[in-house]
Amino acid sequence: MTATPAAVPFLDRTGPLSAADIRTDYEMRASGSRKRSLSDPAALIIAPATFNTLNKLATGIADNYAMTSAAELIGRGVPTVVVPFVNAALAARAPFRRSVDALRDEGVYVMLGAPYAWEPHEPGTGHTRQAVFPWFAALEAATRLAR
85 MTATPAAVPF LDRTGPLSAA DIRTDYEMRA SGSRKRSLSD PAALIIAPAT FNTLNKLATG
145 IADNYAMTSA AELIGRGVPT VVVPFVNAAL AARAPFRRSV DALRDEGVYV MLGAPYAWEP
205 HEPGTGHTRQ AVFPWFAALE AATRLAR
């Protein structure tokens with residue numbers, strides 16, 4: 085699992101993943117240089133994708149390990165599923181709508197809207213949506229795309 089630095093506090097590290105299982109930065113070589121090594125995954129799931137993450141991904145901003153890795157894997161043609169977690173006010177913004185369209189045009193499977201049964205939530209209600217986040221649907225989509 086790879087996480088942005090901002091996502092780390094939200095991760096449940098008491099579950100099956102330990103802190104050692106979560107990559108947030110480049111590996112440091114003995115020489116002091118940084119190294120990024122990517123596996124060859126069958127598919128990629130980016131979730132929950134915030135307003136910021138989705139816009140950065142669509143515009144090619146790779147300012148941390150997770151974003152650089154995701155950008156490269158999409159460029160390699162790895163089937164990718166993105167599940168946005170945004171409020172309705174942010175989702176109504178033109179930059180967000182353009183980013184969703186740009187990612188879809190690039191072949192990224194963005195699970196957002198009625199066909200996916202996943203809509204933006206009202207501002208201030210995100211905490212009520214966390215328990216019903218479509219993790220399983222994202223995994224099913226990634227599995228289907230990887231075939």
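Here my numbering = 1-based position in the sequence shown + 84. By construction, the Cβ of each residue, glycine as well, lies at the ideal position given by its N, Cα and C atoms. Predicted, not measured: the structure shown is a model, and the values here were computed from it.
- Contact check for V170 and A225: beta-carbon distance about 18 Å, past the 8 Å limit, so the pair fails to qualify.
- Excluding residues up to 5 positions away in sequence, S153, E156, L157 lie with their Cβ nearer than 8 Å to the Cβ of L122 in the same chain.
- Counting of Cβ neighbours within 10 angstroms places A150 among the buried residues, the total reaching 16 or more.
- Annotation: T143 is outside any beta strand (DSSP E); the continuous alpha helix (DSSP H) that includes it extends over 135 to 143.
- In the structure shown, the three-state DSSP call for A131 is strand.
- Note on the segment 143 to 188: whole beta strand (DSSP E) runs with a minimum of 3 residues are 164 to 168, in chain order.
- Counting along the chain, H211 sits inside the alpha helix (DSSP H) bounded by residues 210 to 213.
- The count of Cβ pairs closer than 8 Å, one atom from the segment 124 to 136 and one from the segment 211 to 230, reaches three, so the stretches are in contact.
- Assignment of V192 by DSSP, reduced to helix, strand and coil, places it in the coil class.
- For T88, the three-state secondary structure derived from DSSP is coil.
- Excluding sequence positions up to five before and after V192, its CB lies within less than 7 Å of the CB of I158, T164, V166, all in the same chain and listed in chain order.
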